[in-house]
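Participant:
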Amino acid sequence: MTTLGSASRAAIPALAKSLNEIGPDGWKWVFELDAGTASMGEDRAKKFAALAPADASGALLAVAPTADISSQPGKAPGGAGALTKLVSGGTIDIAAVTAAVADGRTFEKNHSAALTKSPYRERLIAAASLDQLYVMTEVLGLYTAEQFEWLLESPHATVEGLRSISASWGGVAVDLAITPANLKKLHTRFAGVGPAELFGTQTKDLYERALTNAPLRRWCTKGADPVQLLQLVTVRHDAVALMWRALVADGVKTDWVHQLGTGRDDAALRMLAVNCPDRAIGSWIKDHLLGDRIVTESASNTVIPIPEGALERNARRRLAEGIEHGESSREIGRRTSELTEADAARIRSNPDELSNVLLTIEEPWVSRALFKLQPTAADVLRYADVNAPGVVAYLRTRPATETVDALADPVIANRMFFRIGSPFTRVPALMEPGTLAAALLRNHDVLAWILRTTDARYALTLLGHASVAAAAGKAFTREALDLLPSTIELSPAEKAALERIAKHVKSTIVAERLRERGVLEDEDVEEDTEAAPSTVKAPTDENQLVESRQHLIDLVLQHGDLEGALGAVLAGDPDPFVVLAVCRARSEGALAFFTDENNTRLIEKLRKALKESPISVFPQVPYYVYLHSAPGRRWLFETEPAPILLQELTAPDAPISLLTRPLDKLDYGASAWVRALPTGTQLSAREQRSVRTVFDAVKTDQAARAMFGVRFGASAADSYTKAELVRLWGVLERLPPSHAAQAAVTGFYEFKHEGGAAGLYGDHAISLREGLLRKNDDDDAFDQGMQLTGEQVMAAYRIDQKQLDARVAQGHFELKETPEGPRYEVKPQSQKLLDSVVLHEVGHRVDDILGKHNELVYGLAGWREFGESDIPAFAQEFGGWDKVRPADQPRIVEAWQVWFNSTQGDATTGLDAFVGEAHPARSKDYKGVGIVGIARQNKPLNAYDVTPVAGKVPVAHHGYSKLYRVPVTTLHAAPSTYSMTAPAEFFAECYAEYYRAYDGTPKTEDKKGGHLAGWIKAWFDANIDKLAFNPSRK
């Protein structure tokens, strides 16, 4: 009924139509209405009535209240006694009576006062609806108590109707209405109804009146539950004791307190706890309901020095400590990446130190360590995992002579012979004829290694090169001969290569048999000085393997192209040796093969068959060709070091779209590549530029988030778009690498929050308010608007008059004439809110790294913090504590602790909301006691409304559970109002101002520090801006 009756006027036609479609049942609600429950106005009633059936229309008009009853048509009679005739009995025209009474011209002669007496009073009460009766009592000018009495006697009175009328009353009216007689009638008429039910939103006013209105107070307590009694007792914080005593005097037992619970808002419980005259009850509330855990440990104000390693940039020492302490290969890789060129040179020159790194490091960090340290090929092949992709990629960059030197060393050579199963793919320098020849001359065993691990045709082609044949021939022995198939069907070019080798073989028998491998006839064979063997050596298992492999190779190579040959060799369970031989023999078709989308399945089979990088298998094919297919990408990304690919695929001549297309989808191969890339400070300057090239080229938000994570070593929330990350990137790139990119900030997230904080820092991550990165809002530093004397400015900024005048000339200060004399005001400095928030939150992270107790805040700026157990020490800071009576000191401490732990004790509520002036914490008797004076300021102790006491500023931060004392000079030099909320916020705001005008380039180097006081800027210059690679990241 209420819903239909309160429908908007615009909705009534549609509602009426729906009700008519239902039929008579749709209008049943109309006949349940009476004047006390009808909630619609006259105009709504008429709108409904015009659209309703006749019977429903009449019922609506009969019960709907009018906007002004006294204005209804009615005939006001004249003459003495005429008014009383209108209420002589029977049907009474209430409208006419109201009009007559309201007519000032007939007021006296109609003797309206007679209507307040029997029998007319009773007749009016019986005839009028509750709303009409209320208007009648208003017109008759009845006092509130009498008016309420009439309403209670109405046969149409309901709790809802009375509550509707009383909603417009003020507290005084409620107080006057509740007389003992009216309360008696109320209890008789509506037994069990409490004040909250009858007066609704007026409950607070009602409870306040109960302090001095005993009948009302007793009614409030009758049937009240414990929560209602708590609300009654604490309706005024300065009268808790008075109300408590009154309730006890009224006979209310105090055991209701033990039935209370706690909730989100515990302010009322705290008021009762600290103000209750029964201290046993107060203690019970604190112990059993509030349960405040007062930290007994005193707050520390000790300055934590910045560790030496944080500034000296000794990444080499950090690396050595990591190896010594058994850090993971991943961590060793990270630390190796942070080495300077000088560090790398020192490690390279120290064999023990170099071997420690190379023996410890594993993929994916091998290539990072090798390219950073630049060891020789010999050192790499002696200590590192020779089969790691990073080793192969690195060896491609080393001088060929280093490979020759390595193979000349028996220890290194034997390690290579034992561990490397494919010399020309793992040691790419050997493919160069001069290098291969030199290696064979320095170590003849290289020949057997090659023949044992390489298919015969490919080996003979390389060994028979004009520049290599002589060296190969000199190394040929009977043992080497046994490693070749007994017969090979060679091409003319291959036969010529074989002949070139044979010419240089010392043994004529070996030379002859070598020629026989190629089925060469009619060739002159030199006289052999050695005796011919009496028997033929039986084939070994190795010989049989060589023969069978060569047979299969010859069979497969009957297919003239790479696609056909691979189709044959990859069927079933392929032998990698044979597959590699086929790839080499048909390598001229590789470019067409990898760019043909029809070969996707074959490429996937090839990837699975070979453990080699495609760059090693097909060295003539450009890197980007493999990006045409998903399996090609995966093969490339999984076998080539990610940093190498980053440089190759972002080269000026590389079609970057081939990289960004899979990145935009983050397919398997691209995802693996991104995960394998170094991040943050592990990237070189060149790599950072390459990462930005890729970031700019990608189109999807997910790809942009992935590259953002690579650049800064921090994840980005899934809600961030590329456009948003461009802005965040720009802010972070301005900062020293160690502040955000060196595993300092682990993630950037987003939170939904209307108003309040724009950013949050916690657990090494930064969260920004939703939409902040999209908006272009401004923010001001130095927003306090403080007008200071010259002496105050010079004291705060630690400058003299000449320096102050210079700052005025530079626009840092504005000099204003005021009635009190000249005053200086710091000029607000505007910047984008995004910049301000990100810099501020990174500042928190830097403060966290340094231990949160740095010299700037706790030393130079003079912040002192106090915990809940330190309130006496806090009081002593502001003077006069010794003047407080010993009995009152615990009560003052208790009041501060109770307030400080309240869910309402925040930036908007002071101690005055919990205790009155009768309490010693705010007593007038303690004039000159600083902590009492602070409480009597009736302020919440937040930075936005501070009043210095004894040259010091008191600040409370409930989120940190700390009280602070700050010198007023620090207040005057603070970079913002918010900076005075806590030590951590002071540092973070100073940090944001220091880098506010700096864009990360040398041209703005002189803008670091912004408008900070010189002593703050100097500390940042010497410490924070020089923060390097070694602070703990834990």
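In this note's numbering, the protein residues as written are 1 to 1034.
The beta carbon of each residue, even a glycine, is placed where N, CA and C say it ideally should be.
I'd like to know whether the C-beta atoms of Val380 and Leu407 end up nearer to each other than 8 Å.
Facilitator: no
Participant: Mind checking Phe418: buried by the 16 CB within 10 Å criterion, or exposed?
Facilitator: exposed
Participant: His957 lies in the beta strand (DSSP E); which residues open and close that run?
Facilitator: It spans 952-957 - the beta strand (DSSP E) in which His957 sits, taken as one unbroken run.
Participant: Can you give the Cα-Cα distance for Ser300 and Leu941, rounded to whole angstroms?
Facilitator: 21 Å
Participant: According to DSSP, simplified to helix, strand and coil, what is Pro655?
Facilitator: Here Pro655 sits in coil by DSSP.
Participant: Counting C-beta neighbours from all protein chains within 10 Å, is the total for Ala181 16 or more, i.e. buried, or is it exposed?
Facilitator: Its Cβ having fewer than 16 others within 10 Å, Ala181 is exposed.
Participant: Could you check if Ser349 is buried or exposed, using at least 16 other CB atoms within 10 Å of its CB as the buried criterion?
Facilitator: exposed
Participant: Beta carbon of Ala887: closer than 7 Å to some heavy atom of the ligand SAM?
Facilitator: Among the ligands in the structure shown, none appear at all, so the ligand SAM cannot be discussed.
Participant: State the Cα-Cα distance for the pair Leu462 and Thr403, rounded to the nearest angstrom.
Facilitator: 17 Å
Participant: List the endpoints of the continuous alpha helix (DSSP H) containing Gly713.
Facilitator: Unbroken run through Gly713: none, as it is neither H nor E.
Participant: Considering only the beta carbon of each residue, do Leu206 and Val174 sit closer than 8 Å?
Facilitator: Less than 8 Å separates the beta-carbon of Leu206 from that of Val174.
Participant: Per DSSP, what kind of secondary structure is Phe476 in: helix, strand or coil?
Facilitator: Reduced to three states, the DSSP call for Phe476 is coil.
Participant: Could you please give the first and the last residue of the uninterrupted alpha helix (DSSP H) stretch that includes Ile125?
Facilitator: 120-127
Participant: Taking 8 Å as the cut-off, decide whether the C-beta atoms of Val946 and Val955 are in contact.
Facilitator: yes
Participant: Sort Asn20, Ile553, Thr212, Val505 by Cα distance to Phe577 and report the nearest one.
Facilitator: Ile553
Participant: If you draw a straight line from the C-alpha of Ala439 to the C-alpha of Ala456, how long is it?
Facilitator: Spanning the two alpha carbons is a distance of roughly 19 Å.
Participant: Can you tell me where the beta strand (DSSP E) with Pro1036 in it begins and where it stops?
Facilitator: In the structure as shown, the chain starts at 1 and stops at 1034, and residue 1036 therefore has no counterpart that could be examined.
Participant: List the endpoints of the continuous beta strand (DSSP E) containing Lys832.
Facilitator: Here the beta strand (DSSP E) through Lys832 covers 829-832.
Participant: Here's the rule I'm using: 16 or more other beta-carbon atoms within 10 Å means buried, otherwise exposed. How should Tyr143 be labelled?
Facilitator: Exposed, by the Cβ-count rule.
Participant: Do Ala114 and Pro155 come within 8 Å of each other at the CB atom, strictly closer than that value?
Facilitator: no
Participant: Using the three-state DSSP reduction, which class does Asn1023 fall into: helix, strand or coil?
Facilitator: coil
Participant: So what's Phe618 in DSSP terms, helix, strand or just coil?
Facilitator: coil
Participant: What do you reckon, are the CB atoms on Gly194 and Gly223 nearer than 8 Å?
Facilitator: Against a cut-off of 8 Å, the Cβ pair of Gly223 and Gly194 comes out as a contact.
Participant: At which residues does the beta strand (DSSP E) containing Ser767 begin and terminate?
Facilitator: 765-769
Participant: So, at 6 Å on beta carbons, what are the nonlocal neighbours of Pro364 in its own chain, with the 5 sequence-adjacent residues on each side left out?
Facilitator: Cβ contact annotation for Pro364 (same chain, cutoff 6 Å, sequence separation greater than five): Ala676, in chain order.
Participant: Can you give me the Cβ contacts of His465 inside the same chain, cut-off strictly under 6 Å, excluding the 5 residues immediately before and after it?
Facilitator: Pro433
Participant: Do Leu659 and Leu627 have their C-beta atoms closer together than 8 Å?
Facilitator: yes
Participant: Near Ala344, which residues of its chain fall below 6 Å by C-beta distance, leaving aside the five closest residues on each side in sequence?
Facilitator: Lys372, Leu373
Participant: Could you say if the region 839-859 and the region 929-939 meet the contact criterion of at least three C-beta pairs nearer than 8 Å?
Facilitator: Because the criterion of three Cβ pairs below 8 Å is not met, the region 839-859 and the region 929-939 do not touch.
Participant: Curious, which full-length alpha helix (DSSP H) runs of at least 4 residues does the region 137-198 contain?
Facilitator: 144-153, 159-166, 171-177, 180-189
Participant: How far does the beta strand (DSSP E) with Glu817 in it reach, from first residue to last?
Facilitator: 813-818
Participant: For the putative contact between Leu395 and Ala377, defined by C-beta atoms under 8 Å, what is the C-beta separation to the nearest angstrom?
Facilitator: Contact between Leu395 and Ala377 holds, with the beta-carbon distance rounding to 6 Å and staying under 8 Å.
Participant: Given Glu547, which residues of its chain have a CB within under 7 Å of its CB, disregarding the five upstream and five downstream residues?
Facilitator: Once the five neighbours on either side are set aside, the close Cβ partners of Glu547 are Pro485, Ser486.
Participant: Taking the beta strand (DSSP E) that Arg864 falls in, what are its first and last residues?
Facilitator: Counting along the chain, the beta strand (DSSP E) containing Arg864 begins and ends at 864-866.
Participant: Between Arg586 and Gly560, what straight-line distance do the alpha-carbon atoms span, to the nearest angstrom?
Facilitator: 8 Å
Participant: Tell me where the beta strand (DSSP E) around Pro351 begins and ends.
Facilitator: Pro351 -> not in any beta strand (DSSP E); alpha helix (DSSP H) instead, spanning 351-360.
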